[in-house]
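To start, the structure under review is shown below, and the notes come after it.
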Amino acid sequence: MSFGGYLKEAIQAARFPTPTHFARAVGMDPSVVLRWLSEEQRPTIRSIERIAPVLGKSINELVVAAYPDRVGGSAPEPPATHPLVHELARMLADDSPIPAPDRQALETVLDRMIDPYRKVLRRRRSA
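Residue numbering for the sequence shown is 1 to 127, as defined by the UniProt record's numbering.
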């Protein structure tokens, strides 16, 4: 898969309605992201460092996807992560536009909802 295809899938998995919405979320000019998608150019390492957390990807994963010819690998397939994972990560991040008290309240509610399932998953792993 080309980097443009990989990036398109990653943007969709992160639940951005369009590449322009993604570009604005990371503070980039949409034309830059569109050039990446059309394979006109590849992102710089600085750009990769900027977009990786927003997409829920590691920097290494994006470097391999963007430069498989230089790192001796092929572009990895995007993992099958539920889109809510990316959305919640963005909402709870330190640089989220959601006020800190609201983020803390959301984290508390989610923690309480998930806690019973943690116990079930721990039992399953130890079995």
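Ideal placement from N, C-alpha and C gives every residue a C-beta, glycine not left out.
These numbers were taken from a predicted model, which means no experiment stands behind them.
Q) For A89, which residues of its own chain have a beta-carbon under 6 Å away from its beta-carbon, when the five flanking residues on both sides are left out? A) G56
Q) What did DSSP end up calling S38 once you bin it into helix, strand or coil? A) coil
Q. Is A100 buried or exposed, if buried means 16 or more other CB atoms sit within 10 Å of its CB?
A. exposed
Q: Using the Cα positions of Q41 and L34, report the straight-line distance between them to the nearest angstrom.
A: 9 Å
Q. With respect to 7 Å, is the separation between the Cβ of R112 and the closest non-hydrogen atom of the ligand ADP below this value?
A. With respect to the ligand ADP, the structure shown offers nothing to examine, as it has no ligands at all.
Q. What did DSSP end up calling V26 once you bin it into helix, strand or coil?
A. Coil at V26, not helix or strand.
Q | Residue range of the unbroken alpha helix (DSSP H) whose run includes S47 | A | 45-55
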